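Novice: The following block contains the structure, expressed as structure tokens.
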Amino acid sequence: MVALKFLTPEQKQFWEDNGYIKLNIFSTKEINEISDAYTELFERKFHENVEGLESRWTGQDMKKLAGSIADDYTIKSIHNLQMHNDVFTRTITHPKLLDALEDIMGTEDIMLHHTKAHLKPPEKGSPYLMHQDYPYFPHKKHTMLAVFLHLDDTTSENGGLAIYPGSHKLGPLKEIKKTDDWGDPIYYVDPQEYPLSKATPISAKKGEVVFFSYLTLHGSYLNLSNRTRRMFLIQVRAADDEPIQDVHNSPCQGLMLRGKNIYKDALMTNRYKH
């Protein structure tokens, strides 16, 4: 058995059993630096074009979940944060984070897929129906996972994460596909079979990180509180995993965060291709 670098054997087993785990990775100083850079970026982009950051899901199932704020729920999003500030580049390459990922993934060859940030405002923060990330960017070996960094104390009251523990073992599930207001696909599972109300709430303190497989069913609650909920998400995969479809291409996708990619070609004819 390969020696673990960050996780305990019990934590590794918890991951295997449940498809998620919550860890402390960053120092208070580091989290404050990330938080400040995050706030500065969102405030700047709000002034430029706040409507252009809207990322809420649409449709009748979402309106039903949103309940009392069905006509007014919102969530703001920015993708590819490492393209905006070097603080986020240092975050995704943090040695302790990569040690934890190496333990979870069982490989040192860790590749970036994409990053994004969701900001749920107070009183009308959008929920998300239960879903797997798999249909958005399916891969052959299912090594893809999310790193969900909380930048505020978070509970179900202010729009926290919810998970069906162990659901990663079910494999890809039948999804409902809709199209949002921008023409992009939305995928979620049947809310009658997997309601948000029966999921496990994942509360977290500012700075805590939740890792979960892209097969793990997850969603999040309404934010009807007077507190903002901010998160920064990093999606990664193993270098030897292959996409099934050519979808969800993002800046810096394929960047090696640790290890090497022996499958990447070096042909001059492909030098300008992503």
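Per this note's numbering, the very first residue in the sequence shown carries number 15; after that it's consecutive.
Positions of the beta carbon are idealized from the N, C-alpha and C atoms, including for glycine.
A quick note: this is a predicted structure, and the numbers were derived from the prediction, not measured.
1. Suppose you measure from the CA of E57 to the CA of N94; what does that come to, to the nearest Å?
2. Which word fits I276, buried or exposed, when buried means at least 16 other C-beta atoms lie within 10 angstroms of its C-beta?
3. What is the DSSP secondary structure of G81, reduced to helix, strand or coil?
4. State buried or exposed for P186, treating a residue as buried only when at least 16 other CB atoms are found within 10 Å of its CB.
5. Using beta-carbon positions only, say whether L271 and H232 come within less than 8 angstroms of one another.
6. Is the shortest distance between the beta-carbon of D100 and the beta-carbons of chain D less than 8 angstroms?
7. Under the DSSP definition of a beta bridge, which residues are partnered with Y142?
8. P149: buried (16+ other C-beta within 10 angstroms of its C-beta) or exposed?
9. From A51 to F102, what does the alpha carbon distance come to, in whole angstroms?
10. Decide if V261 is buried, meaning its Cβ has at least 16 other Cβ atoms within 10 Å, or exposed.
11. Output needed for T42: all residues of its chain with C-beta closer than 8 angstroms, excluding positions within five of it in sequence on either side, in chain order.
12. Taking just the CA atoms, how far does L210 sit from L203?
13. If you check the beta carbons only, do G273 and T121 fall under 8 angstroms apart?
14. Looking only at DSSP bridge pairs, what is Y34 linked to?
15. Of the residues L18, N284 and D254, which one's Cα is nearest the Cα of L112?
16. At which residues does the alpha helix (DSSP H) containing R58 begin and terminate?
17. Residues in the same chain with beta-carbon distance under 7 angstroms from N99, minus the five sequence neighbours each way, listed in chain order, please.
18. Which one of T157, L238 and T105 has the shortest CA to CA distance from I48?
19. Mapping the DSSP letters down to three states, classify A280 as helix, strand or coil.
20. Grab the span of the beta strand (DSSP E) containing F133 for me, first residue to last.
21. Classify I200 as helix, strand or coil using the three-state DSSP reduction.
22. Within the continuous alpha helix (DSSP H) that includes R104, where are the two ends?
23. Tell me the residue span of the alpha helix (DSSP H) that contains L115.
24. Based on Cα-Cα distance, which residue from K36, M125, D254 and P141 lies nearest to H132?
25. Judging by CA-CA distance, which residue of F28, F226, N38 and D254 is the nearest neighbour of A160?
26. If I measure Cβ to Cβ from K90 and keep anything under 6 angstroms in the same chain, skipping five residues before and after, which residues do I get?
27. Please identify the residue among E171, F162 and W71 whose C-alpha is closest to the C-alpha of L37.
Specialist: According to the structure data:
1. What you label residue 57 is simply residue 43 of the sequence shown in a count that begins at 1. What you label residue 94 is simply residue 80 of the sequence shown in a count that begins at 1. About 16 angstroms.
2. Residue 276 sits at position 262 when you count from the first residue of the sequence shown. Under this definition I276 is an exposed residue.
3. Residue mapping note: residue 81 aligns to position 67 of the sequence shown, counting from 1. The three-state reading of DSSP puts G81 in helix, counting H, G and I together.
4. Working through the sequence shown from its first residue, we reach residue 186 at position 172. Exposed.
5. Here residue 271 refers to the residue found at position 257 of the sequence shown. Here residue 232 refers to the residue found at position 218 of the sequence shown. Their beta carbons are not under 8 angstroms apart, which means L271 does not touch H232 by this criterion.
6. Judged by its chain identifiers, the structure shown contains no chain D, having just a single protein chain.
7. Residue mapping note: residue 142 aligns to position 128 of the sequence shown, counting from 1. Answer by DSSP bridge pairing, in chain order: S234.
8. Start at 1 with the first residue of the sequence shown, and residue 149 comes out as number 135. Around the beta carbon of P149, 16 or more other beta carbons sit within 10 angstroms, so the residue counts as buried.
9. The residue given as residue 51 occupies position 37 in the sequence shown. The residue given as residue 102 occupies position 88 in the sequence shown. Cα to Cα, the separation comes out at about 8 angstroms.
10. Taking the sequence shown and counting its residues from 1, one reaches residue 261 at position 247. The residue is exposed, with fewer than 16 neighbouring Cβ atoms inside 10 Å.
11. As a working note, residue 42 is residue 28 in the sequence shown. So the list reads G221, once near-sequence residues are dropped.
12. What you label residue 203 is simply residue 189 of the sequence shown in a count that begins at 1. What you label residue 210 is simply residue 196 of the sequence shown in a count that begins at 1. Residue identity check: residue 203 is Val in the sequence provided, not Leu. In this model, V203 and L210 are separated by some 10 angstroms (Cα to Cα).
13. Translated into the one-based positions of the sequence shown, residue 273 becomes position 259. Translated into the one-based positions of the sequence shown, residue 121 becomes position 107. Between G273 and T121, the C-beta gap is smaller than 8 angstroms, which places the two residues in contact.
14. Taking the sequence shown and counting its residues from 1, the one referred to as residue 34 is at position 20. Beta-bridge pairing links Y34 to F226.
15. Translated into the one-based positions of the sequence shown, residue 112 becomes position 98. It is L18 whose Cα lies nearest to the Cα of L112.
16. Stepping through the sequence shown from its first residue, residue 58 is reached at position 44. Membership of R58 in the alpha helix (DSSP H) is indicated by the continuous run T42 to N63.
17. Residue 99 sits at position 85 when you count from the first residue of the sequence shown. These residues qualify, in order along the chain: A51 and L55.
18. Position 34 of the sequence shown, counting from 1, holds the residue named residue 48. Answer by Cα proximity: T105.
19. If you number the sequence shown from 1, residue 280 lands on position 266. The three-state reading of DSSP puts A280 in coil, since its state is none of H, G, I, E or B.
20. Counted from its first residue, the sequence shown places residue 133 at position 119. With the sequence shown as reference, residue 133 is identified as Leu, and Phe is not the correct amino acid for it. Run containing L133: I124 to K134, per the beta strand (DSSP E) assignment.
21. One-based indexing of the sequence shown puts residue 200 at position 186. I200: strand per DSSP, three-state reduction.
22. Within the sequence shown, numbered from 1, the residue matching residue 104 stands at position 90. Taken as a continuous stretch (DSSP letters only), the alpha helix (DSSP H) holding R104 covers D100 to I106.
23. As a first step, residue 115 must be located in the sequence shown, where it is residue number 101. P109 to M119 is the span of the alpha helix (DSSP H), which, as asked, contains L115.
24. By one-based count along the sequence shown, residue 132 stands at place 118. Among K36, M125, D254 and P141, the Cα nearest to that of H132 belongs to P141.
25. As a first step, residue 160 must be located in the sequence shown, where it is residue number 146. For A160, the nearest C-alpha among the options comes from F226.
26. Taking the sequence shown and counting its residues from 1, one reaches residue 90 at position 76. Within the same chain, and ignoring the five residues on either side of K90 in sequence, the residues whose Cβ sits closer than 6 angstroms to its Cβ are L67 and L133.
27. Here residue 37 corresponds to residue number 23 of the sequence shown, with the count starting at 1. L37 has its Cα closest to that of F162, out of E171, F162 and W71.
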